[in-house]
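Trainee: If you scroll down you'll find the structure; I have some questions about it.
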Amino acid sequence: MNAASSDDFDLADQGPQDECGVFGVWAPGEEVAKLTYFGLYALQHRGQESAGIAASNGKQILIYRDMGLVSQVFDESDLDTLPGHIAVGHTRYSTTGVSSWENAQPTLGPTPFGTVALAHNGNLTNFADLQEMADEKAAARDETVKAATQKPARTRSGRDSSNDTSLVTELLASSAAENLTAAARELMPRLDGAFSLVFMDEHTLYAARDRHGVRPLALGRLERGWVVASETAALDIVGASFVREIEPGELIAIDEDGLRSHRWAEPEQARCVFEYVYLARPDSVLNGKTVHAARSEMGRQLAREYPVDADLVIATPESGTPAAVGYAEESGIPFGQGLMKNAYVGRTFIQPSQTLRQLGIRLKLNPLKENIAGRRLVVVDDSIVRGNTQRALVRMLREAGAKEIHIRISSPPVKWPCFYGIDFATRAELIANGLNTDEICQSLGADSLGYISLDGMIAATQQREAELCTACFSGDYPITVPDTAAAERGC
Ligand code: SF4
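Heads up: the sequence shown begins at 1 in this note's numbering, then just goes up one per residue.
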């Protein structure tokens with residue numbers, strides 16, 4: 001592999017991308033659109049392409065959604081147009097479906113039981129089968145209409161966007177069940193893959209989680225209502241107390257009659273371990289473990305597995321910081337600031353000019369020269385995907401005068417793509433797919449490189465290995481991936 005310059009740094013290379021954050025609230029007497037806005041604000045890290053809120057006043061559902069960050073999409077007057085006592089919201093990073101306004105969520109669809117607004121975090125692996133099912137139902141419905149009216153059939157479904165969420169909405173709408181709860185209980189077992197869903201009709205808020213519990217979903221209590229959110233941090237931020245997680249294989253419904261729980265599948269847990277490593281906020285709690293505590297322990301374990309003589313431990317901010325502090329604690333090497341992050345540059349829709357692009361990584365990270373010059377550095381990061389960012393980082397630290405650069409990574413090598421909602425690209429693009437650790441170290445231009453072991457990472461989460469998905473590290477996929485999808489990603 002050729003050495004690359006910092007010019008190769010790509011602003012779009014932001015590391016692994018999660019695809020969505022979901023939020024729902026049922027709270028008569030509260031300004032539910034505002035609660036949802038702040039909930040989505042807390043979940044912004046899970047998706048920055050689009051944001052949307054749907055609210056119901058018991059008679060009708062109104063929706064507002066657009067491309068951009070939560071703070072760019074909504075202002076106070078927009079939220080004022082969404083009155084009601086139930087709301088669902090969404091922040092999106094696309095996995096299935098292109099990035100466009102049509103694919104922004106929540107999706108909205110008419111059903112025999114009223115209107116359904118739906119928000120989804122995850123990725124359905126049987127999208128093609130579901131599409132076929134929806135088309136068959138649409139064709140049967142068109143035939144019925146044709147027979148009754150003698151008018152030509154409309155053929156195929158009227159789906160107007162390419163994401164799996166609008167497909168779920170359409171399948172709920174085409175159900176022959178007697179109500180939305182029954183329609184959802186009938187549909188959930190037919191969905192394969194990862195899904196944490198929050199949806200509503202005019203009267204009831206629903207939340208459901210796939211039987212594997214791949215993506216998180218938490219339930220919280222307000223004084224006058226209930227909240228569901230992708231992460232517990234969003235509950236904290238709207239003043240809700242954590243009650244419990246929505247269980248894998250569970251559907252809940254909340255309305256004026258209270259909260260009802262329906263078990264539609266026995267749990268076969270395979271929670272995403274990468275939520276602990278990088279995706280979730282450090283102040284969230286996943287299955288009883290604070291993410292920050294897990295990351296700190298990963299850093300301590302990394303220090304035990306890959307010690308080195310050095311002067312300073314620095315983090316790739318912000319996601320590498322808890323592990324870097326843990327590494328420093330365990331090794332006795334001081335932790336210090338080495339890189340200042342401009343947190344928002346990678347999330348702008350304005351493309352940098354050629355001159356700015358040549359500054360590469362400096363648009364995102366700027367070195368603190370007085371802490372770096374002449375020092376032997378341990379640089380702790382959470383993961384390496386393509387390696388472009390770390391290569392540019394090493395070059396920048398050398399230019400700032402670093403004497404030695406020892407990279408330590410708080411997750412094992414990423415060798416396999418994710419089919420459950422995280423954008424790791426294809427196998428061929430993953431640096432650890434073709435190169436061993438020494439070769440990656442050489443390619444990055446570092447003096448040494450150490451990845452935490454799979455066992456060490458899992459132990460730091462305090463979860464049972466059998467209840468975690470580790471597929472991007474191990475290649476052991478807990479949910480069957482269709483051959484065509486696997487072939488497309490080089491598996
Ligand atoms: S493949 Fe990796 S990122 Fe995807 S769900 Fe499994 S552990 Fe998480």
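C-beta: ideal position from N, C-alpha, C; glycine also.
(1) Would you call Gly258 buried or exposed, if buried means 16 or more other Cβ atoms sit within 10 Å of its Cβ?
(2) Is Thr389 a contact residue of the ligand SF4, with contact defined as CB to any heavy atom under 8 Å?
(3) Taking any heavy atom of the ligand SF4 as the mark, which residues have a C-beta closer than 6 Å to it, listed down the chain?
(4) Mapping the DSSP letters down to three states, classify Glu330 as helix, strand or coil.
(5) How about Ala485 and Thr125: are their beta carbons less than 9 Å apart?
(6) Buried or exposed for Asp382, please, with buried defined as at least 16 other CB atoms from any protein chain shown within 10 angstroms of its CB.
(7) Assign Val243 to one of three DSSP states: helix, strand, or coil.
(8) Could you pull out every residue in the same chain whose Cβ sits closer than 6 Å to the Cβ of Lys341, ignoring the five residues on either side in sequence?
(9) Pull up the distance between the alpha-carbon of Arg395 and that of Ile314, whole angstroms please.
(10) For chain D, is any of its Cβ atoms less than 9 Å away from the one on Arg304?
(11) How many Å lie between His45 and Thr91 at the Cα?
(12) Is Ala218 near Ile252, with beta carbons less than 9 Å apart?
(13) One question on the structure: do Phe419 and Val481 come within less than 9 Å of each other, judged by their Cβ atoms?
(14) Could you tell me the distance, in whole angstroms, from the CA atom of Leu477 to the CA atom of Pro248?
(15) In whole angstroms, give me the CA-to-CA distance for Ile458 and Glu465.
(16) Excluding sequence positions up to five away, which residues of its chain have a Cβ less than 8 Å from the Cβ of Glu30?
(17) Pairing CB atoms from the stretch 290–306 with CB atoms from the stretch 321–339, are three or more of them under 8 Å?
(18) Which residue wins for smallest C-alpha separation from Ser410, given the options Leu180, Phe127 and Tyr306?
(19) Taking the alpha helix (DSSP H) that Ser296 belongs to, which residues open and close that run?
(20) Whole-angstrom Cβ separation of Val25 and Leu35, contact assumed at under 8 Å?
(21) If distances are taken between C-alpha atoms only, which option among Ser196, Glu429 and Leu444 comes closest to Ile405?
(22) Could you work out which residue in Ala425, Glu186 and Lys369 is closest to Gly387 when comparing CA atoms only?
(23) Closer than 7 Å by C-beta to Met67: which residues in its own chain qualify, once you throw out the five before and the five after it? Chain order, please.
(24) Identify which residue in Lys137, Gly122 and Ala184 has its Cα closest to the Cα of Ala265.
(25) Over what stretch of residues does the beta strand (DSSP E) that includes Tyr206 continue unbroken?
(26) Around the Cβ of Gln269, are there at least 16 other Cβ atoms within 10 angstroms (buried) or fewer (exposed)?
(27) Give the secondary structure of Val32 by DSSP, where H, G and I count as helix, E and B as strand, and everything else as coil.
Mentor: Reading it off the structure:
(1) By the C-beta density criterion, Gly258 is exposed, having fewer than 16 other C-beta atoms within 10 angstroms.
(2) With a cut-off of 8 Å, the C-beta of Thr389 is classified as distant from the ligand SF4, since no heavy atom of the ligand falls inside that distance.
(3) The set of residues with a C-beta under 6 Å from any non-hydrogen atom of the ligand SF4 comprises Val214, Cys272, Val273, Phe274, Cys418, Tyr420, Ile422, Cys469, Thr470, Ala471 and Cys472, given in chain order.
(4) Judged by DSSP in its simplified three-state form, Glu330 adopts helix.
(5) Yes, the Cβ-Cβ distance between Ala485 and Thr125 is below 9 Å.
(6) The residue in question, Asp382, is buried, as its Cβ has 16 or more Cβ neighbours within 10 Å.
(7) Looking at Val243 - three-state DSSP - the assignment turns out to be strand.
(8) Shown here for Lys341: same chain residues with a beta carbon closer than 6 Å to its own, the five before and five after excluded, namely Pro317 and Leu365 in chain order.
(9) Note on geometry: alpha-carbon atoms of Arg395 and Ile314 lie some 15 Å from one another.
(10) You won't find chain D in this structure, because it holds only one protein chain.
(11) If you draw a straight line from the Cα of His45 to the Cα of Thr91, it comes to about 9 Å.
(12) Contact check for Ala218 against Ile252 fails: the beta carbons are separated by 9 Å or more.
(13) Yes, Cβ-Cβ distance for Phe419 and Val481 is below 9 Å.
(14) Looking at the sequence provided, one finds Tyr at residue 477 rather than Leu. Computed Cα separation, rounded: 17 Å.
(15) If you take the alpha carbons of Ile458 and Glu465, they lie about 7 Å apart.
(16) Within the same chain, Glu30 has close Cβ partners His85, Leu222, Arg224 and Gly225.
(17) Output reads yes: the stretch 321–339 touches the stretch 290–306.
(18) Closest by alpha carbon: Tyr306.
(19) Start and end: Val291 to Glu305.
(20) Between Leu35 and Val25 the Cβ distance is about 5 Å, and since that is below 8 Å, they are a contact.
(21) Of all alpha-carbon atoms in Ser196, Glu429 and Leu444, the one lying nearest the alpha-carbon of Ile405 is that of Leu444.
(22) Cα-wise, what sits closest to Gly387 is Ala425.
(23) Correct list, in chain order: Glu49, Ser50, Trp101 and Ala104.
(24) Cα-wise, what sits closest to Ala265 is Ala184.
(25) Segment Leu205 to Arg209, the beta strand (DSSP E) holding Tyr206.
(26) With 16 or more other Cβ atoms inside 10 Å of its own Cβ, Gln269 counts as buried.
(27) In this structure, Val32 counts as helix in the three-state DSSP scheme.
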